[in-house]
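Asks:
Residue numbers (the numbering used here): 44 to 344.
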(Lines of atoms letter the chains of each structure in order from A; the text may use other names.)
(Lines give C-alpha, C1' and ligand atoms only; values in the text may rest on other atoms or scores of the structure.)
Protein backbone atom coordinates (compact mmCIF):
# COMPACT_ATOMS: atom_id res chain seq x y z
CA UNK A 44 0.00 0.00 0.00
CA UNK A 45 1.42 3.38 -1.01
CA UNK A 46 2.13 6.02 1.62
CA UNK A 47 -0.55 8.71 1.91
CA UNK A 48 0.34 12.23 0.88
CA UNK A 49 1.53 14.47 3.73
CA UNK A 50 -0.68 17.43 2.94
CA UNK A 51 0.52 19.34 6.00
CA UNK A 52 4.04 19.53 4.55
CA UNK A 53 3.05 20.76 1.11
CA UNK A 54 4.10 24.11 -0.31
CA UNK A 55 2.50 27.12 1.37
CA UNK A 56 0.91 29.79 -0.82
CA UNK A 57 0.88 32.57 1.79
CA UNK A 58 4.07 32.17 3.80
CA UNK A 59 3.16 33.53 7.22
CA UNK A 60 4.02 32.06 10.59
CA UNK A 61 1.05 31.00 12.78
CA UNK A 62 1.48 31.76 16.50
CA UNK A 63 -0.75 28.96 17.84
CA UNK A 64 -2.51 26.08 16.15
CA UNK A 65 -3.96 23.01 17.78
CA UNK A 66 -7.00 21.49 19.44
CA UNK A 67 -9.26 22.89 22.14
CA UNK A 68 -11.85 21.45 24.47
CA UNK A 69 -10.36 17.97 24.99
CA UNK A 70 -12.08 16.54 28.08
CA UNK A 71 -10.20 14.12 30.30
CA UNK A 72 -10.13 12.95 33.93
CA UNK A 73 -6.82 13.67 35.65
CA UNK A 74 -5.81 11.98 38.89
CA UNK A 75 -3.70 14.21 41.13
CA UNK A 76 -1.83 13.14 44.27
CA UNK A 77 -1.13 15.92 46.78
CA UNK A 78 -0.13 15.88 50.46
CA UNK A 79 -3.80 16.52 51.27
CA UNK A 80 -4.87 13.40 49.38
CA UNK A 81 -5.76 12.03 45.96
CA UNK A 82 -8.53 13.43 43.82
CA UNK A 83 -9.83 13.09 40.29
CA UNK A 84 -10.35 16.32 38.38
CA UNK A 85 -12.58 16.60 35.33
CA UNK A 86 -10.44 18.74 33.08
CA UNK A 87 -10.75 20.58 29.78
CA UNK A 88 -7.46 20.77 27.89
CA UNK A 89 -6.26 23.03 25.05
CA UNK A 90 -3.09 22.00 23.20
CA UNK A 91 -1.11 24.18 20.78
CA UNK A 92 2.14 24.54 18.87
CA UNK A 93 3.31 27.28 16.55
CA UNK A 94 3.58 26.76 12.80
CA UNK A 95 6.51 28.04 10.70
CA UNK A 96 5.93 30.01 7.53
CA UNK A 97 6.88 27.08 5.27
CA UNK A 98 4.61 24.44 6.89
CA UNK A 99 1.12 24.26 5.39
CA UNK A 100 -0.60 22.63 8.34
CA UNK A 101 -0.03 21.21 11.78
CA UNK A 102 -0.34 17.49 12.53
CA UNK A 103 -3.17 17.98 15.02
CA UNK A 104 -3.64 14.29 15.70
CA UNK A 105 -0.25 14.38 17.44
CA UNK A 106 -1.67 16.85 19.95
CA UNK A 107 -4.49 14.46 20.80
CA UNK A 108 -2.05 11.54 20.98
CA UNK A 109 0.17 13.38 23.45
CA UNK A 110 -2.86 14.33 25.53
CA UNK A 111 -4.04 10.73 25.65
CA UNK A 112 -0.63 9.26 26.45
CA UNK A 113 0.20 11.67 29.26
CA UNK A 114 -3.23 12.26 30.79
CA UNK A 115 -4.50 8.69 30.61
CA UNK A 116 -1.35 7.55 32.39
CA UNK A 117 -2.38 9.62 35.42
CA UNK A 118 -5.20 7.17 36.09
CA UNK A 119 -2.54 4.50 36.81
CA UNK A 120 0.20 6.82 38.07
CA UNK A 121 -1.27 10.00 39.61
CA UNK A 122 0.58 13.25 38.86
CA UNK A 123 1.88 15.59 41.56
CA UNK A 124 0.21 18.60 40.00
CA UNK A 125 -1.62 19.80 36.92
CA UNK A 126 1.24 22.19 36.15
CA UNK A 127 3.71 19.28 36.02
CA UNK A 128 1.47 17.41 33.63
CA UNK A 129 1.14 20.48 31.40
CA UNK A 130 4.94 20.90 31.37
CA UNK A 131 5.49 17.24 30.41
CA UNK A 132 3.00 17.60 27.58
CA UNK A 133 4.78 20.71 26.27
CA UNK A 134 8.05 18.82 26.14
CA UNK A 135 6.47 15.91 24.27
CA UNK A 136 4.78 18.25 21.81
CA UNK A 137 8.15 19.65 20.76
CA UNK A 138 9.32 16.05 20.24
CA UNK A 139 6.36 15.22 18.03
CA UNK A 140 6.27 18.51 16.11
CA UNK A 141 9.84 18.80 14.89
CA UNK A 142 8.98 21.99 12.96
CA UNK A 143 7.58 23.80 16.02
CA UNK A 144 9.56 26.21 18.19
CA UNK A 145 6.79 26.75 20.77
CA UNK A 146 4.24 24.58 22.56
CA UNK A 147 1.46 25.42 24.97
CA UNK A 148 -0.93 23.40 27.13
CA UNK A 149 -3.80 24.99 29.03
CA UNK A 150 -5.75 22.90 31.56
CA UNK A 151 -8.91 24.04 33.37
CA UNK A 152 -10.84 22.02 35.94
CA UNK A 153 -13.59 22.33 38.53
CA UNK A 154 -12.32 22.17 42.09
CA UNK A 155 -14.13 21.88 45.41
CA UNK A 156 -13.15 22.77 48.97
CA UNK A 157 -15.11 22.36 52.16
CA UNK A 158 -15.54 25.78 53.77
CA UNK A 159 -17.33 27.29 56.73
CA UNK A 160 -19.87 30.09 56.54
CA UNK A 161 -19.47 32.99 59.01
CA UNK A 162 -21.70 31.12 61.47
CA UNK A 163 -19.94 27.79 61.03
CA UNK A 164 -22.16 26.07 58.48
CA UNK A 165 -19.99 23.76 56.35
CA UNK A 166 -20.50 23.22 52.62
CA UNK A 167 -18.53 22.36 49.50
CA UNK A 168 -17.58 25.50 47.59
CA UNK A 169 -16.73 25.40 43.89
CA UNK A 170 -13.72 27.03 42.25
CA UNK A 171 -11.99 26.99 38.90
CA UNK A 172 -8.35 25.98 38.80
CA UNK A 173 -6.01 26.37 35.86
CA UNK A 174 -2.61 25.02 34.95
CA UNK A 175 -0.51 26.09 32.00
CA UNK A 176 2.68 24.94 30.36
CA UNK A 177 4.81 26.73 27.78
CA UNK A 178 7.69 25.15 25.89
CA UNK A 179 10.37 27.00 23.91
CA UNK A 180 12.89 25.36 21.61
CA UNK A 181 16.26 27.12 21.55
CA UNK A 182 16.93 28.27 18.00
CA UNK A 183 20.64 27.58 18.08
CA UNK A 184 20.40 24.15 19.76
CA UNK A 185 17.53 21.78 19.08
CA UNK A 186 18.33 19.76 22.20
CA UNK A 187 17.92 22.69 24.59
CA UNK A 188 14.47 23.78 25.68
CA UNK A 189 12.88 26.04 28.23
CA UNK A 190 9.73 24.68 29.84
CA UNK A 191 7.66 27.02 31.99
CA UNK A 192 4.78 25.91 34.19
CA UNK A 193 2.04 27.90 35.90
CA UNK A 194 -0.72 27.16 38.39
CA UNK A 195 -3.66 29.34 39.36
CA UNK A 196 -7.30 29.65 40.30
CA UNK A 197 -10.39 31.81 39.87
CA UNK A 198 -12.68 32.65 42.78
CA UNK A 199 -16.01 34.43 43.02
CA UNK A 200 -16.43 36.98 45.81
CA UNK A 201 -18.36 40.13 46.65
CA UNK A 202 -17.18 43.72 46.46
CA UNK A 203 -18.62 46.77 48.17
CA UNK A 204 -17.89 49.99 46.29
CA UNK A 205 -15.95 52.48 48.49
CA UNK A 206 -16.70 55.45 46.24
CA UNK A 207 -20.50 55.16 46.47
CA UNK A 208 -20.17 54.47 50.20
CA UNK A 209 -18.40 57.77 50.86
CA UNK A 210 -20.81 59.68 48.63
CA UNK A 211 -23.82 58.20 50.44
CA UNK A 212 -22.22 59.02 53.80
CA UNK A 213 -21.80 62.67 52.78
CA UNK A 214 -25.41 62.84 51.61
CA UNK A 215 -26.65 61.26 54.84
CA UNK A 216 -24.75 63.85 56.89
CA UNK A 217 -26.63 66.59 55.03
CA UNK A 218 -30.01 64.88 55.50
CA UNK A 219 -29.49 63.69 59.06
CA UNK A 220 -27.06 66.14 60.71
CA UNK A 221 -27.94 64.84 64.19
CA UNK A 222 -26.42 61.46 63.28
CA UNK A 223 -23.10 62.71 61.92
CA UNK A 224 -21.09 61.01 64.67
CA UNK A 225 -22.73 57.62 64.07
CA UNK A 226 -22.21 57.96 60.33
CA UNK A 227 -18.50 58.49 60.92
CA UNK A 228 -18.25 55.34 62.99
CA UNK A 229 -20.32 52.93 60.89
CA UNK A 230 -20.07 51.88 57.23
CA UNK A 231 -23.00 53.16 55.19
CA UNK A 232 -24.88 51.54 52.35
CA UNK A 233 -23.27 51.16 48.94
CA UNK A 234 -23.77 49.12 45.82
CA UNK A 235 -22.35 45.60 45.68
CA UNK A 236 -20.53 43.82 42.88
CA UNK A 237 -19.98 40.15 42.12
CA UNK A 238 -16.24 39.84 41.67
CA UNK A 239 -14.24 37.24 39.77
CA UNK A 240 -10.51 37.29 40.42
CA UNK A 241 -7.79 35.10 38.93
CA UNK A 242 -4.21 34.51 40.03
CA UNK A 243 -1.60 32.64 37.96
CA UNK A 244 1.90 32.03 39.30
CA UNK A 245 4.90 30.54 37.53
CA UNK A 246 6.22 27.56 39.50
CA UNK A 247 10.05 27.32 39.60
CA UNK A 248 11.42 23.80 39.15
CA UNK A 249 12.55 23.56 42.77
CA UNK A 250 9.26 24.84 44.22
CA UNK A 251 5.70 23.63 44.70
CA UNK A 252 2.51 25.63 45.05
CA UNK A 253 -0.67 24.47 46.74
CA UNK A 254 -3.71 25.67 44.81
CA UNK A 255 -5.52 25.95 48.16
CA UNK A 256 -3.08 28.73 49.08
CA UNK A 257 -3.85 30.57 45.86
CA UNK A 258 -7.58 30.32 46.60
CA UNK A 259 -6.96 31.65 50.12
CA UNK A 260 -4.98 34.62 48.77
CA UNK A 261 -7.77 35.48 46.34
CA UNK A 262 -10.64 35.07 48.81
CA UNK A 263 -8.90 37.15 51.46
CA UNK A 264 -8.40 39.99 48.96
CA UNK A 265 -12.05 40.66 48.07
CA UNK A 266 -14.49 42.51 50.31
CA UNK A 267 -15.97 39.16 51.37
CA UNK A 268 -16.00 35.57 50.13
CA UNK A 269 -19.29 34.17 48.86
CA UNK A 270 -20.86 30.90 49.98
CA UNK A 271 -23.10 28.24 48.43
CA UNK A 272 -25.37 27.96 51.49
CA UNK A 273 -26.23 30.96 53.68
CA UNK A 274 -28.97 31.22 56.30
CA UNK A 275 -30.18 34.62 57.47
CA UNK A 276 -27.51 35.15 60.13
CA UNK A 277 -24.82 34.12 57.64
CA UNK A 278 -26.19 36.52 55.03
CA UNK A 279 -26.06 39.38 57.50
CA UNK A 280 -22.44 38.57 58.37
CA UNK A 281 -21.37 38.44 54.71
CA UNK A 282 -23.06 41.75 53.93
CA UNK A 283 -21.60 43.44 57.00
CA UNK A 284 -18.13 42.03 56.32
CA UNK A 285 -18.25 43.34 52.75
CA UNK A 286 -19.36 46.81 53.83
CA UNK A 287 -16.70 46.95 56.53
CA UNK A 288 -14.12 46.13 53.87
CA UNK A 289 -15.04 48.15 50.75
CA UNK A 290 -12.67 47.80 47.80
CA UNK A 291 -12.10 48.96 44.26
CA UNK A 292 -11.18 46.30 41.72
CA UNK A 293 -7.74 47.94 41.69
CA UNK A 294 -7.43 47.32 45.45
CA UNK A 295 -8.03 43.61 44.93
CA UNK A 296 -5.25 43.27 42.35
CA UNK A 297 -2.80 45.15 44.56
CA UNK A 298 -3.73 43.15 47.66
CA UNK A 299 -3.23 39.86 45.78
CA UNK A 300 0.17 41.02 44.53
CA UNK A 301 1.25 42.05 48.02
CA UNK A 302 0.19 38.74 49.56
CA UNK A 303 2.00 36.82 46.84
CA UNK A 304 5.22 38.68 47.62
CA UNK A 305 4.83 37.66 51.27
CA UNK A 306 3.80 34.07 50.59
CA UNK A 307 6.38 33.37 47.87
CA UNK A 308 9.14 35.62 49.20
CA UNK A 309 11.87 33.20 48.10
CA UNK A 310 10.77 33.00 44.47
CA UNK A 311 13.30 34.22 41.88
CA UNK A 312 12.93 37.63 40.32
CA UNK A 313 12.35 36.00 36.92
CA UNK A 314 9.20 34.11 38.03
CA UNK A 315 6.07 35.44 36.35
CA UNK A 316 2.82 36.38 38.04
CA UNK A 317 -0.55 37.42 36.60
CA UNK A 318 -3.51 38.86 38.50
CA UNK A 319 -6.78 39.99 36.99
CA UNK A 320 -10.03 40.98 38.59
CA UNK A 321 -13.45 41.86 37.21
CA UNK A 322 -16.32 43.33 39.20
CA UNK A 323 -19.73 42.86 37.62
CA UNK A 324 -21.43 46.19 38.28
CA UNK A 325 -24.90 46.41 39.81
CA UNK A 326 -25.71 50.06 38.99
CA UNK A 327 -23.88 50.34 35.65
CA UNK A 328 -24.32 48.53 32.37
CA UNK A 329 -20.57 47.97 32.17
CA UNK A 330 -18.12 46.09 34.39
CA UNK A 331 -14.91 47.19 36.14
CA UNK A 332 -11.62 45.42 35.36
CA UNK A 333 -8.01 45.56 36.55
CA UNK A 334 -4.95 43.45 35.70
CA UNK A 335 -1.21 43.20 36.32
CA UNK A 336 1.09 40.87 34.38
CA UNK A 337 4.66 41.06 35.66
CA UNK A 338 7.50 39.26 37.43
CA UNK A 339 8.39 38.98 41.10
CA UNK A 340 11.48 41.06 40.39
CA UNK A 341 9.47 43.93 38.98
CA UNK A 342 7.15 43.85 41.99
CA UNK A 343 10.07 43.92 44.41
CA UNK A 344 11.36 47.10 42.78
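Where a beta carbon is used, it is the ideal one built from N, C-alpha and C, also for glycine.
For my contact list, residue 100 and residue 136 are in at a C-beta cut-off of 8 Å; report their separation, rounded to the angstrom.
Replies: In the chain shown, residue 100 corresponds to position 57, counting from 1. In the chain shown, residue 136 corresponds to position 93, counting from 1. About 16 Å separates the beta carbons of residue 100 and residue 136, which is beyond the 8 Å limit, so they are not a contact pair.
Asks: State the Cα-Cα distance for the pair residue 158 and residue 296, rounded to the nearest angstrom.
Replies: The residue given as residue 158 occupies position 115 in the chain shown. The residue given as residue 296 occupies position 253 in the chain shown. Distance between the alpha carbons of residue 158 and residue 296 is about 23 Å.
Asks: Can you check which of these residues, 248, 325, 257, is closest to residue 298 by C-alpha distance?
Replies: To locate residue 298, count along the chain shown from 1; it is residue 255. That would be 257, whose Cα lies nearest to the Cα of residue 298.
Asks: Considering Cα atoms alone, identify which of 201, 235, 214, 223 is closest to residue 326.
Replies: Taking the chain shown and counting its residues from 1, the one referred to as residue 326 is at position 283. With distances taken between Cα atoms, residue 326 lies closest to 235.
Asks: Would you report the Cα separation of residue 109 and residue 229, rounded to the nearest angstrom?
Replies: The residue labelled residue 109 in the question sits at position 66 within the chain shown. The residue labelled residue 229 in the question sits at position 186 within the chain shown. Looking at the two C-alpha atoms, the distance is approximately 58 Å.
Asks: Taking C-beta to C-beta, are residue 243 and residue 175 nearer than 8 Å?
Replies: Taking the first residue of the chain shown as 1, we reach residue 243 at position 200. Taking the first residue of the chain shown as 1, we reach residue 175 at position 132. For residue 243 and residue 175, yes; Cβs fall inside 8 Å.
Asks: In angstroms with no decimal places, state the Cα-to-Cα distance between residue 128 and residue 227.
Replies: One-based indexing of the chain shown puts residue 128 at position 85. One-based indexing of the chain shown puts residue 227 at position 184. Roughly 53 Å separates the two Cα atoms.
Asks: Per DSSP, which one or two residues make a beta bridge with residue 315?
Replies: By one-based count along the chain shown, residue 315 stands at place 272. Per the DSSP secondary-structure output, residue 315 pairs in a beta bridge with 338.
Asks: Could you name the residues of the same chain whose beta carbon sits closer than 6 Å to that of residue 189, not counting the 5 residues immediately before and after it, in chain order?
Replies: Start at 1 with the first residue of the chain shown, and residue 189 comes out as number 146. Close CB contacts of residue 189 within its chain, under the 6 Å cut and outside five residues either way in sequence, are with 179 (chain order).
Asks: Once the 5 residues before and after residue 156 are set aside, which same chain residues still bring their CB inside 8 Å of it?
Replies: On the chain shown, position 113 is the one that residue 156 refers to. Hits under 8 Å: 167, 168, 170, 255, 258.
Asks: Using only alpha-carbon positions, find the residue among 294, 332, 266, 276 that is nearest to residue 162.
Replies: Working through the chain shown from its first residue, we reach residue 162 at position 119. Closest by alpha carbon: 276.
Asks: Where do the N-terminal and C-terminal ends of the beta strand (DSSP E) with residue 236 fall, by residue?
Replies: Position 193 of the chain shown holds residue 236. Start and end: 235-245.
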